[in-house]
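Each remark here refers to the structure printed beneath this line.
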Amino acid sequence: MTVTANSVLSRPAGRRPISWGTPLTYALALAVAAVSIAPIVYVIVGGFRTTPQIVADPAGLPDPWVWDNYARVLTQSDFWRQAFNSAVIALGTTLGVVVLGLCAAFVIARYTFRGREALHTFFTLGLLFPAGAAILPLYLMLRDLNLINSYYAVILPQVAFSLPITIVILRPFLSAIPRELEDAAAIDGADRLGFLWRIVLPLSRPALVTVGILAFVASWNAFLLPLLVLGDVSLHTLPLGVQNFSSQYTTDTAGVLAFTSLAMLPALLFFTLAEKQIVGGLQGAVKG
2 MTVTANSVLS
12 RPAGRRPISW
22 GTPLTYALAL
32 AVAAVSIAPI
42 VYVIVGGFRT
52 TPQIVADPAG
62 LPDPWVWDNY
72 ARVLTQSDFW
82 RQAFNSAVIA
92 LGTTLGVVVL
102 GLCAAFVIAR
112 YTFRGREALH
122 TFFTLGLLFP
132 AGAAILPLYL
142 MLRDLNLINS
152 YYAVILPQVA
162 FSLPITIVIL
172 RPFLSAIPRE
182 LEDAAAIDGA
192 DRLGFLWRIV
202 LPLSRPALVT
212 VGILAFVASW
222 NAFLLPLLVL
232 GDVSLHTLPL
242 GVQNFSSQYT
252 TDTAGVLAFT
262 SLAMLPALLF
272 FTLAEKQIVG
282 GLQGAVKG
């Protein structure tokens, strides 16, 4: 490999190129991973202990391992009802986010019209709007629409608040699709919807999986909105179930940890199994 004079002169004196493979980088990565994983491991392992064990040694390991806490939670009908409610709301939110976000992002990315960039900026500004600030007017609006104590009271607002990040991620993917493909599809007789269905959807699969997973996990873990609009106990989701369980069994710390572990397990597994899809989708959005 030859080094030209220009490359030598352009490099600042006394400054070496940054290497991301240094031991310090790996140490920082491991520290961040430990901080993120340690609470999850503590909750899961704590479910295999008894409350006296936790009180005597909060950071210890189960000795012996106790399975009764998880068995007791899994045999409760309330847990499965709350899991069903969480699944319905999360899947409904995910479907709404993917369909509406794809349609909106497709128009903004592939159509040319006056105010297109202003519309995209409007959606982008939605990322800066905290959902908590809209809780009171949102509750009043849902009450006037007679949607309180229904799945729609949670699904519709969650879809609305997830659209900004969805459009921000999807637009670069859709804009990067060559115009030649659209022209070829038009020559073959495909209209705009045909082009969207036959070409855009397969090519945008990583981005669609990314926004779908983010919407699912956020909906599964949502607490404040279901707490305000789901007064009916039979409609409570798992995050609300954790609160109800911890309030009912205040002295059963091990049981609360077991319930919490099972409540977060589906979203955790779902996110972990699709990690590569999420990384690929976000990388495509940044490149676009």
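Numbering of the sequence shown is given in this note's numbering, commencing with residue 2 and proceeding in unit increments.
The C-beta atom is built at its ideal place from N, Cα and C for all residues, glycine as well.
Secondary structure of residue i, DSSP reduced to three states
i, result
"His-121", "helix"
"Pro-63", "coil"
"Thr-76", "coil"
"Phe-85", "helix"
"Ser-151", "coil"
"Gly-133", "helix"
"Phe-272", "helix"
"Phe-246", "helix"
"Leu-29", "helix"
"Asp-58", "coil"
"Tyr-112", "coil"
"Leu-92", "helix"
Outcome for residue i when other beta-carbon atoms lying within 10 angstroms are tallied against a minimum of 16
i, result
"Arg-50", "buried"
"Tyr-290", "This structure gives no information on residue 290, because the portion of the chain shown stretches from 2 to 289."
"Leu-225", "exposed"
"Leu-157", "buried"
"Ala-160", "Per the sequence shown, the amino acid found at residue 160 is Val instead of Ala. So Val-160 counts as buried."
"Val-4", "In this prediction, Val-4 has a pLDDT of 44, which is less than 50 and means its spatial position is unreliable; what the coordinates show is noted afterwards. Looking at its Cβ environment, which holds fewer than 16 other Cβ atoms inside 10 Å, Val-4 is exposed."
"Ala-110", "buried"
"Thr-113", "exposed"
"Asn-150", "exposed"
"Pro-179", "exposed"
"Val-154", "Rather than Val, the amino acid found at residue 154 in this sequence is Ala. Burial call: buried."
"Gln-77", "exposed"
"Ser-235", "exposed"
"Val-33", "exposed"
Sequence-distant residues of the same chain with beta carbon closer than 6 Å to residue i, five excluded per side
i, result
"Val-74", "Phe-80, Ala-259, Phe-260, Leu-263"
"Val-44", "Leu-258, Thr-261, Ser-262"
"Phe-196", "Glu-183, Ala-186"
"Arg-12", "Because Arg-12 sits at a pLDDT of 48, beneath the cut-off of 50, its placement in the model cannot be relied upon, and the point is left open."
Cutoff 7 Å; reference residue i; Cβ partners in own chain excluding five residues on either side
i, result
"Gly-290", "What is shown of the chain runs 2 to 289, which leaves residue 290 out entirely."
"Phe-107", "Leu-175, Leu-197, Val-201"
"Thr-125", "Pro-165, Val-169"
"Gly-102", "Leu-164, Thr-167, Ile-168, Leu-171, Val-212"
"Phe-272", "Ile-214, Val-218"
Close-in-space but distant-in-sequence residues of the same chain around residue i (CB under 8 Å, 5 per side omitted)
i, result
"Asn-7", "Confidence at Asn-7 is low in this model, with a pLDDT of 48, below 50, so the placement of that residue should be treated as unreliable; the coordinate-derived value is given next. Excluding sequence neighbours, Asn-7 sits near nothing in its chain."
"His-121", "Ile-109, Ile-168, Arg-172"
"Pro-63", "Val-46, Phe-49, Arg-50, Gln-54"
Across the stretch 210 to 220 and the stretch 89 to 98, are there enough close Cβ pairs to call them in contact, namely three or more that are closer than 8 Å?
yes
Scan the stretch 175 to 222 and note each continuous alpha helix (DSSP H) run of 4 residues or more that stays entirely inside, going in chain order.
Listed in chain order, the complete alpha helix (DSSP H) runs (minimum 4 residues) inside the stretch 175 to 222 are 180 to 188, 193 to 196, 206 to 221.
Check whether the stretch 170 to 178 and the stretch 206 to 214 touch, using three or more Cβ-Cβ pairs below 8 Å as the test.
yes
Pairing CB atoms from the stretch 236 to 250 with CB atoms from the stretch 134 to 146, are three or more of them under 8 Å?
no
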